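For the sequence shown, the positions run 903 to 1305 when our numbering is used.
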Amino acid sequence: MLKKSLLATLLSAASTITVASDMDISTLQAQLKAQQIQIDALVAASEKPTVSTMSSKTSIGGYGEAHYYNYENAAQQYDAYRFVLYVGHKFSDTVRLHSELEVEHGLVADTDATCTVKDANGSGDLQQSEVVCGSASTKPGELELEQMFIEWNYHGKQNVSIGQILVPIGFLNETHEPETFYGAKRNPVETAIIPTTWWEGGIKASGLVAGVDGLSYNAVVTTGLKTNNANIRSGRQKGAKAVAEDMAYTVGFNYQGIAGLTTGATYQLQKDISQAIGQTNEATLIEAHIGYTWQNFSTRALYAKWDIDGIATSASYAAKAEQEGYYVEATYKPIEKLGVFARFSAWDNDAADVADSKKEQWNYGVNYYIAPRVVLKLDIQEQVLPMAGLDEDGFALAVGYSF
């Protein structure tokens, strides 16, 4: 019986083989070709970046702040002050993109109307002054590309950044997220003397200095200021079809080799801040800063000075041949979520004038962190200005965040 079953099975298999051999060879070839196409497509898809792999290389962040001002000799005002979106991308282990797009003052003008800043009280603090636009526009905001550069870590701790970059100077110009500083507004010295936020197009080399723990350097070549009246803040070109007849050269060092200590200095030279061919309106900027943190206490101080030749020594702008300022700040955090501060600032954008033109300002207040990167601020301000009756004493409230 077993032999008969085995024989039947063999006969059946032979019959199947015979049928298969009789199939159309072209049909089999078509099936094999179709299967190969499917396999090739799967292999190709596996080699392309997927949404998950792209997201692991691309990062999104941002920060923002809104202010309410209540000062004497000025209108009470609310301002959607800043909204910034950051996009970064890691092309490789050594090459990265950094970019920031910013909207200021909530509403951007939709025309080419000219807008000017009216410094009504002569304070030099243009962040709190009135923006006046031509009749074609009532929208005081700005849309700005604050950063857009490629960072190349070409060797060890050495980097090169190329594109739209922040000028490395002072405490705030490179690090100014709302929760990283005290007060609703940035201090007046790092806005009127150092024109924070200050960015230009260019190239920056940076890194650690070999053999000295905690010492870093910056060496930068960028488009420079362009101004015919020695107004530093309005002379920023911001990478918008920037005239590059005369470049600015910046070098700086920072030292953090002692626990709690940060100190550094910066020097910048631009041969002609008017950007006019054949002119020599040389401007030099020096800056030094120091900060120290011990337990819950922190202090910082900064000094900056411009010396401007040529354009600023003309009769109309002689007072602006020197512009300088300094501030001293102390802070204390009794608990993790609460910080209090006091700051004294003095600055003068007409320091070469024989008349008294120095401005002084006290700020003190509270930062309350409702989350590690979300802050509520109270900023009380007292001014002493050279022109009597224009002091903007009062307070500001702010909310800020970063992610």
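The beta-carbon is built from N, C-alpha and C at its ideal position, and this holds for glycine as well. A quick note: this is a predicted structure, and the numbers were derived from the prediction, not measured.
Proximity below 8 Å, CB of residue i to CB of residue j
i, j, result
"H1007", "Y971", "no"
"P1067", "W1100", "Note that residue 1067 corresponds to Ile in the displayed sequence, not to Pro. No, these two residues do not count as a Cβ contact at 8 Å."
"G844", "G1103", "In this structure the chain extends from 903 to 1305, so residue 844 is not present and cannot be described."
"A1203", "I1188", "no"
"G966", "G1302", "yes"
"K1059", "L999", "no"
"R1275", "E1044", "no"
"F1155", "G1137", "no"
Nearest-angstrom Cα separation, counted from residue j out to residue i
i, j, result
"R1245", "P1070", "23 Å"
"N975", "Q1225", "25 Å"
"G964", "N1269", "20 Å"
"A1185", "E1238", "43 Å"
"D1309", "Y1219", "Nothing about residue 1309 can be reported from this structure: the residues present for the chain run from 903 to 1305 only."
"K1173", "H969", "38 Å"
"G1141", "S1200", "35 Å"
"Q1139", "V986", "19 Å"
"S1037", "N1133", "Note that S1037 scores 46 on pLDDT, short of 50, meaning its location in the model is unreliable and no value can be drawn from it."
"V1286", "G1113", "47 Å"
"K1279", "Y1271", "9 Å"
"I1210", "T960", "43 Å"
"N1075", "V1153", "15 Å"
"A1273", "M1050", "29 Å"
"G1227", "N1089", "11 Å"
"D995", "Q978", "50 Å"
"I1179", "V1277", "48 Å"
"V1091", "A1206", "8 Å"
"E1079", "V1230", "20 Å"
"T1164", "Q1181", "39 Å"
"E1262", "L1299", "21 Å"
"Y980", "A1290", "26 Å"
"F1083", "T1168", "21 Å"
"T1195", "W1208", "29 Å"
"A1011", "A1190", "37 Å"
"S873", "L1292", "No information on residue 873 is available, as it lies outside the stretch 903 to 1305 that the chain covers here."
"V1256", "W1264", "25 Å"
"F1305", "E1294", "33 Å"
Collapsed DSSP secondary structure at residue i in the structure displayed
i, result
"I1237", "strand"
"Y1159", "Just to set this straight, residue 1159 is Gly in the shown sequence, not Tyr. Residue state, collapsed to three classes: coil."
"S1118", "strand"
"E1006", "strand"
"A1112", "coil"
"G1154", "strand"
"K1222", "helix"
"K1128", "coil"
"R998", "strand"
"I1213", "helix"
"S1136", "helix"
"K959", "helix"
"T1201", "strand"
"E1081", "helix"
"T1093", "helix"
"Q1243", "First, the residue type needs correcting, since residue 1243 is Phe and not Gln in the sequence shown. Correct three-state label for F1243: strand."
"D1174", "coil"
"N1269", "strand"
"V1277", "strand"
"I1071", "coil"
"T1099", "coil"
Own chain, CB closer than 6 Å to residue i, minus 5 neighbours either side, in chain order
i, result
"E1307", "Any question about residue 1307 goes unanswered here, given that the chain covers just 903 to 1305."
"I1105", "I1064 and V1123"
"S1176", "N1130, N1183 and I1213"
"S1108", "N1061 and N1120"
"A1232", "T1201 and A1244"
"D1258", "P1288"
"E1002", "V986, Y988, E1048 and Q1049"
"Y1266", "A1244 and I1282"
"A1221", "D1252, A1254 and D1255"
Cβ neighbours of residue i in the same chain (closer than 7 Å, five flanking residues each side left out)
i, result
"G1296", "N972, Y973, E974 and Q1283"
"V997", "I1052 and W1054"
"K1235", "N1198 and G1241"
"Q1158", "G1116 and T1164"
Cβ shell of residue i (< 8 Å), same chain only, five flanking positions each side left out
i, result
"A1260", "Contrary to the premise, residue 1260 reads as Lys rather than Ala in this sequence. Once the five neighbours on either side are set aside, the close Cβ partners of K1260 are A1248, W1249, D1250, A1253 and P1288."
"H991", "K959, T960, S961, R998 and L999"
"Y1056", "T996 and V1062"
"Y1151", "V1122, V1123, Q1170, L1171 and Q1172"
"I1160", "G1116"
"G1072", "E1092, I1096, T1098, T1168, E1189, H1191, L1204 and A1206"
"F993", "K959 and L999"
Beta carbon proximity, residue i to chain D, threshold 8 Å
i, result
"F1297", "Absent from the structure: chain D. Only one protein chain is present."
| said: Using 8 Å as the cut-off, can you tell me whether the region 1140-1158 makes contact with the region 1120-1129, which would need three or more C-beta pairs spanning the two stretches below that distance? | reply: yes
| message | Could you check whether the region 1114-1123 touches the region 1082-1101, counting it as contact only if at least three pairs of C-beta atoms, one from each stretch, sit closer than 8 Å? | response | no
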